[in-house]
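Worksheet: the structure to be examined is printed underneath.
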Amino acid sequence: MRLPHWMRSARVLIGLSIILVVALAAVFAPLLAPHDPNDQNLIATLLPPAWLPGGDPEFLLGTDSLGRDV
4 MRLPHWMRSA
14 RVLIGLSIIL
24 VVALAAVFAP
34 LLAPHDPNDQ
44 NLIATLLPPA
54 WLPGGDPEFL
64 LGTDSLGRDV
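Numbering (my numbering), first residue to last: 4 to 73.
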């Protein structure tokens with residue numbers, strides 16, 4: 004059984020791929036960003052990224068002035 008011509012189009016495949024990536028990101032959002040964006044931790048303010056000295060692996064990109072995960 005052959006697929007219709009429009010389903011073999013590169014544009015259709017790229018569009019479906021983008022939709023699939025966005026849908027997977029939405030499904031796995033709690034795993035990708037486990038911290039509440041409004042949760043403040045004033046003890047962990049202005050931490051550098053995890054790969055720099057003084058960084059915390061819990062906050063991969065560091066924290067802002069209110070201790071929120073970046």
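All C-beta atoms, glycine included, are put in the ideal place defined by N, C-alpha and C.
Residue i and residue j look like a contact to me (Cβ under 8 Å); what is the Cβ gap, rounded to whole Å?
{"i": "Ala28", "j": "Leu35", "result": "7 Å"}
{"i": "Ala53", "j": "Leu63", "result": "5 Å"}
Output the distance between the C-alpha atoms of residue i and residue j, rounded to the nearest integer angstrom.
{"i": "Leu16", "j": "Leu55", "result": "40 Å"}
{"i": "Val30", "j": "Ile21", "result": "14 Å"}
{"i": "Leu49", "j": "Glu61", "result": "13 Å"}
{"i": "Trp9", "j": "Val25", "result": "22 Å"}
Give every residue of the same chain whose Cβ lies closer than 8 Å to the Cβ of residue i, excluding the five residues on either side of it in the sequence, and list them in chain order.
{"i": "Gly57", "result": "Leu50 and Pro51"}
Ordered along the chain, which non-local residues of its own chain (more than five positions away) have a Cβ less than 6 Å from that of residue i?
{"i": "His38", "result": "Asp72"}
Between the stretch 60-73 and the stretch 38-49, can you find at least three pairs of beta-carbon atoms closer than 8 Å? Yes: the two stretches touch, three or more of their Cβ pairs being nearer than 8 Å.
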